[in-house]
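In my numbering, the protein residues as written are 63 to 538.
Below, the structure is given as C-alpha cells:
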C-alpha cells in the first residue's frame, strides 16, 4: 500500500475545487484572496444563544471574517457588495442554516471494518469486541489514514464539523483531519496491547508539541478495568499539566462493570474518584450500568457523557438512563456520538438524535430543542470547545447548509418553525448541500473541496480487501 503522504497527494491533486458551472451555485466570489464572507438571506437559521435558549432567526445573514462569525443580522440590513464572497442562502427555495454538528465519540480508524462485522458478530458487545481485535492486528498506519479520511469526509457530508476520535494512532488521525479540514479531538490510547509504544509519557509529548498539530490531542483509555493503577496516576498527571481531556468507555456492559470490580476492587465511578479523574475534563461514553448514586456523582462533578443509543441497541448493551441524568441537572453534559461503523453504519448525528427520542419515549418525550442542544452546544461543552456549536457573534464559523425545499423538510408549520427542526431531525439521514468549517467551504455545491471522493472510494475498497486477505491468511 502507498505511504500516507502519497495517499494524501493522490487524493488532493484530483480534487475538484470549482463551483457548479450550470448557474445553480449559490456561491459568488469577487476576491478569491479575501477573508470577508457573507452568508446572505437564509430563510431559517437555528442556533442556541448565549443563554442556552433555542433561537430561530428568519431571513437573516451571517457575516464572517477569517474563521470567526462577526455578526448575525436581518438580511435587509446588510449590503452584499461589501464582501469578498457571498453565499446566497435565499436562492431557489432557500437554505436552512444550523451550527456544524458535533460528534463526541467515534473511532475513525475502524472505517475499513464496514461490512466486516455485519454489525452483529456475536450475541453481545463483548463478543463483537473480541472479533474486532482479530481485525485490528492487521491494520497499519496506511490503512488507518485511508480509514480516517473516509470516516471524516462521510461525517462531513452529514453536517458534522467537529469530532472526537478514540484510537491507537495519533499521526494517522492527524493526517486525515488536516487533509479534509476537520476539527478533530484526537484522543490517543495511553495503553495498548497492540502498540506498546502507547504510554502516558508518549501522550504527554503530544501535548508539548500541541501547537504543531492540526488536531487537538486528548487521552483515551478504552476500558478502565484494563488500565493499570500506575497508568491511571500518570494519566491524572498529564491532565493536570496540560488541562487535557480524557475519554473512556464506561459501564458499556455488565461484564465490564464486573471486570472493573475484579481488577480494582471498586466500581468505575469510585475508581475515577480515587485517582482524581472524576471531573469536567473526563468524557465517558455509553454509561449504561450505573446506579442512581453514581449518576448523582457524575452530574455533580460535571463529567461529560457521550450518549450512543444506536450502538447500545445494536450490541444489546443496555439503555442509558437519560431521565435520571436530566432530573439531577445533568442534561447540559449529555452529548451525542456515532461510535464506529461497526456499531452504526450511518455516521450521522441526526439519526442518532432521532434514536435518542425513540429510545427514551416510553417515559417522557425528549424535546427537539434538547436534541438540538445535544448535537451542538452540549458537544462543544464536553469537548471544551466553547466557540463551536453556535451561530452567534464571536463563534467559529462552522455552519451546515441544509436544503429547505427538500423531502423530509417540507411540509412544516410556517407559524411554528420548530416543526421544521423536528422534520430535519426525525427524517434524518440527509446530506448537507454545503459545509463550512472555520470560515472555509469544505463542501461546496455538494462536492468535497479538499478530497477527490471517487478516488477515495477506490482507495478505501482496495485497502479493505487487502486487510481482509491478511485476516484470512492468518485464520487459515
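Don't be surprised by glycine CBs; every beta carbon is placed ideally from N, CA and C.
Item, Value
"Whole runs of the beta strand (DSSP E) within the segment 269 to 309, excluding any shorter than 3 residues", "278 to 285"
"At least 3 beta-carbon pairs within less than 8 Å: the segment 484 to 499 vs the segment 253 to 264", "no"
"Minimum length 4: unbroken alpha helix (DSSP H) runs contained in the segment 312 to 375", "316 to 326, 330 to 336 and 354 to 362"
"Limits of the unbroken beta strand (DSSP E) element including residue 245", "245 to 251"
"Three-way DSSP call (helix, strand, coil) for residue 133 in this model", "strand"
"Helix, strand or coil at residue 387 [DSSP, three-state]", "helix"
"Contact set for residue 129: own chain, Cβ-Cβ below 7 Å, skip 5 residues either direction", "458, 459, 500 and 501"
"Rounded C-alpha distance that separates residue 182 from residue 401", "Annotation note: pLDDT 48 at residue 182 (below 50); position unreliable, coordinate value reported separately. Approximately 15 Å, taken between the alpha carbons."
"Beta-carbon proximity check, residue 483 vs residue 430, cutoff 8 Å", "yes"
"Terminal residues of the beta strand (DSSP E) in which residue 170 lies", "Per DSSP, residue 170 belongs to no beta strand (DSSP E) and is neither H nor E."
"Entirely enclosed beta strand (DSSP E) segments - the segment 405 to 478, minimum 3 residues", "461 to 465"
"Residue 122: CB within 7 Å of a non-hydrogen atom of the ligand HEM", "This structure does not include the ligand HEM; it has no bound ligands of any sort."
"Residue 514 to residue 244 span [Cα, whole Å]", "16 Å"
"The segment 267 to 274 touching the segment 405 to 425, judged by at least three CB pairs closer than 8 Å", "no"
"For residue 485, the first and last residue of its enclosing alpha helix (DSSP H)", "480 to 489"
"CB-CB length for residue 152 against residue 90, believed under 8 Å", "Going by Cβ atoms, the distance from residue 152 to residue 90 rounds to 13 Å, so no, they are not a contact pair."
"Residue 172 versus residue 510: straight-line alpha-carbon distance, rounded", "22 Å"
"Assigned secondary structure, residue 176 (DSSP; H/G/I helix, E/B strand, else coil)", "coil"
"Whole alpha helix (DSSP H) elements within the segment 200 to 232, 4-residue minimum", "203 to 219"
"Residues sharing a beta bridge with residue 159, DSSP", "107 and 463"
"C-beta contact flag for residue 165 and residue 366 at 8 Å", "no"
"Assigned exposure category for residue 472 - 16 Cβ within 10 Å defines buried", "exposed"
"Simplified DSSP assignment, three categories, for residue 112", "coil"
"DSSP three-state assignment for residue 100, whether helix, strand or coil", "strand"
"Sequence-distant residues of its chain with Cβ nearer than 6 Å to residue 74 (five each side left out)", "none"
"Sequence-distant residues of the same chain with beta carbon closer than 7 Å to residue 447, five excluded per side", "224"
"Cα-Cα separation, residue 283 to residue 241", "26 Å"
"Reduced DSSP secondary structure (H/G/I, E/B, other) of residue 532", "helix"
"Straight-line Cα distance separating residue 331 from residue 360", "8 Å"
"Short Cβ contact (8 Å threshold) for residue 350 with residue 381", "yes"
"Contacts around residue 475, its chain only, beta-carbon distance under 7 Å, and the 5 residues preceding and following it disregarded", "481"
"Proximal residues to residue 212 (C-beta, below 7 Å), its chain only, five neighbours per side dropped", "173, 518 and 522"
"Endpoints, beta strand (DSSP E) assigned at residue 506", "502 to 506"
"Collapsed DSSP secondary structure at residue 517 in the structure displayed", "helix"
"Burial state of residue 534, where buried means 16 or more other Cβ atoms lie within 10 Å", "exposed"
"Under the three-state DSSP convention, the category residue 68 falls into", "helix"
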